[in-house]
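Asks: To start, I am sharing the structure in question, which I have written as structure tokens.
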Amino acid sequence: MAIQLSTEPPRTPDAVKALWDTIPFAEGRDPEAVMRCLLGSNLVVTAWDGEHLVGTTRVTTDGVYYATLWDVIVHPDHQRRGIGTALVRRAVAPFLGRGFSYIALFSVAGGEAFYERLGFVRHPSGLRLTESS
Ligand SMILES: CC(C)(COP(=O)(O)OP(=O)(O)OC[C@H]1O[C@@H](n2cnc3c(N)ncnc32)[C@H](O)[C@@H]1OP(=O)(O)O)[C@@H](O)C(=O)NCCC(=O)NCCS
Numbered sequence: 019m020a021i022q023l024s025t026e027p028p029r030t031p032d033a034v035k036a037l038w039d040t041i042p043f044a045e046g047r048d049p050e051a052v053m054r055c056l057l058g059s060n061l062v063v064t065a066w067d068g069e070h071l072v073g074t075t076r077v078t079t080d081g082v083y084y085a086t087l088w089d090v091i092v093h094p095d096h097q098r099r100g101i102g103t104a105l106v107r108r109a110v111a112p113f114l115g116r117g118f119s120y121i122a123l124f125s126v127a128g129g130e131a132f133y134e135r136l137g138f139v140r141h142p143s144g145l146r147l148t149e150s151s
């Protein structure tokens with residue numbers, strides 16, 4: 019079955035949580051918090067194999083200068099079929115050609131090549147603050 023992309027925000031967190039629980043960095047998130055983060059995103063792109071959610075990404079943006087991608091996640095059983103590429107292309111499309119300074123993301127260590135194929139370049143001075151740092 020062909021993979022379908024959607025930009026309809028999920029109405030419940032259940033399928034998203036089940037998908038995210040398959041990936042270490044997104045595992046174990048509270049369903050209510052998942053729902054709030056989906057509602058707080060400016061764009062949510064999902065990939066569907068029939069009724070099965072197999073991929074997500076989401077974007078937060080100020081609508082003028084910057085947009086940031088989060089949670090680019092494809093179910094392990096569906097990886098290397100072009101779904102991640104399609105999700106990222108769909109997520110960045112609304113922000114291209116509109117004078118944004120840049121579209122940003124954090125890659126997992128070792129995952130940079132996936133984004134470089136899509137035109138992203140490594141930033142030499144990225145920093146982040148987390149409560150555990
Ligand atoms: C990274 C991820 C989103 C890629 O999604 P995908 O649907 O498997 O990717 P695609 O099929 O579109 O891959 C296209 C190309 O990107 C490259 N690529 C894909 N995954 C890669 C990875 N983990 N590392 C390096 N390159 C990768 C390959 O060149 C691939 O082409 P090929 O299959 O012909 O070799 C997916 O592997 C995933 O969800 N991983 C776990 C979560 C994660 O790490 N997300 C990224 C957070 S920053």
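To convert, note that position 128 of the sequence shown is 146 in the numbering used here; the numbers rise steadily by one, no gaps. We put the beta carbon where it would ideally sit given N, CA and C, even for glycine. Being a predicted model, the structure only gives us computed values, none of them experimental.
When you measure from the CB of G46 to every non-hydrogen atom of ligand 1, does any distance come out below 6 Å?
Replies: To locate residue 46, count along the sequence shown from 1; it is residue 28. Not so, every heavy atom of ligand 1 lies at least 6 Å from the Cβ.
Asks: Within the chosen definition, does the stretch 55-72 reach the stretch 19-31 through at least 3 CB pairs nearer than 8 Å?
Replies: With the cut-off at 8 Å, the stretch 55-72 and the stretch 19-31 touch.
Asks: By alpha-carbon positions, which one of G46, W66, E130 and G129 ends up nearest to D95?
Replies: Position 77 of the sequence shown, counted from the first residue, corresponds to residue 95. D95 has its Cα closest to that of W66, out of G46, W66, E130 and G129.
Asks: Would you mind sorting R76 into buried or exposed? The rule is 16 or more other CB atoms within 10 Å of its CB.
Replies: Taking the sequence shown and counting its residues from 1, the one referred to as residue 76 is at position 58. With a threshold of 16 other beta carbon atoms within 10 Å, R76 meets it and is buried.
Asks: Given this structure, state the Cα-to-Cα distance separating G58 from A51, to the nearest angstrom.
Replies: Residue 58 sits at position 40 when you count from the first residue of the sequence shown. Residue 51 sits at position 33 when you count from the first residue of the sequence shown. Each residue's Cα considered, the two are about 10 Å apart.
Asks: Name the residue from R54, G129 and D48 whose alpha carbon lies nearest to the alpha carbon of G102.
Replies: As a working note, residue 102 is residue 84 in the sequence shown. Selected option, being the one with the closest Cα: G129.
Asks: How many Å lie between R99 and A20 at the Cα?
Replies: For this step, residue 99 is matched to residue 81 along the sequence shown. For this step, residue 20 is matched to residue 2 along the sequence shown. So the alpha carbons of these two residues sit roughly 11 Å apart.
Asks: Measuring only the C-alpha atoms, how far is T40 from S125?
Replies: For the purposes of this step, residue 40 is identified with residue 22 of the sequence shown, where counting begins at 1. For the purposes of this step, residue 125 is identified with residue 107 of the sequence shown, where counting begins at 1. Rounded to the nearest angstrom, the two C-alpha atoms are 17 Å apart.
Asks: Helix, strand or coil, according to DSSP, for H70 in the structure here?
Replies: Along the sequence shown, one-based indexing puts residue 70 at 52. H70 sits in a strand when the DSSP states are folded into three classes.
Asks: For D32, which residues in the same chain have their Cβ closer than 6 Å to its Cβ, ignoring the five residues on either side in sequence?
Replies: Taking the first residue of the sequence shown as 1, we reach residue 32 at position 14. The beta carbon of D32 is closer than 6 Å to none in its chain, skipping five residues each way along the sequence.
Asks: For the beta strand (DSSP E) that contains T86, what are its first and last residues?
Replies: For the purposes of this step, residue 86 is taken as residue 68 along the sequence shown, with counting starting at 1. It spans Y84 to V92 - the beta strand (DSSP E) in which T86 sits, taken as one unbroken run.
Asks: Report the CB separation of I121 from F132 in whole angstroms; it is logged as a contact under 8 Å.
Replies: Along the sequence shown, read from residue 1 onward, the residue named residue 121 stands at position 103. Along the sequence shown, read from residue 1 onward, the residue named residue 132 stands at position 114. 15 Å between Cβ atoms; not a contact.
Asks: Once DSSP output is grouped into helix, strand and coil, what is the label at I101?
Replies: Numbered from 1 along the sequence shown, position 83 holds the residue referred to as residue 101. I101 falls in the helix class under three-state DSSP.
Asks: Between L37 and L71, which are expected to be in contact by the criterion C-beta below 8 Å, what is the C-beta distance as a whole number of angstroms?
Replies: Walking along the sequence shown from the start, residue 37 turns up at place 19. Walking along the sequence shown from the start, residue 71 turns up at place 53. About 5 Å; that satisfies the 8 Å criterion.
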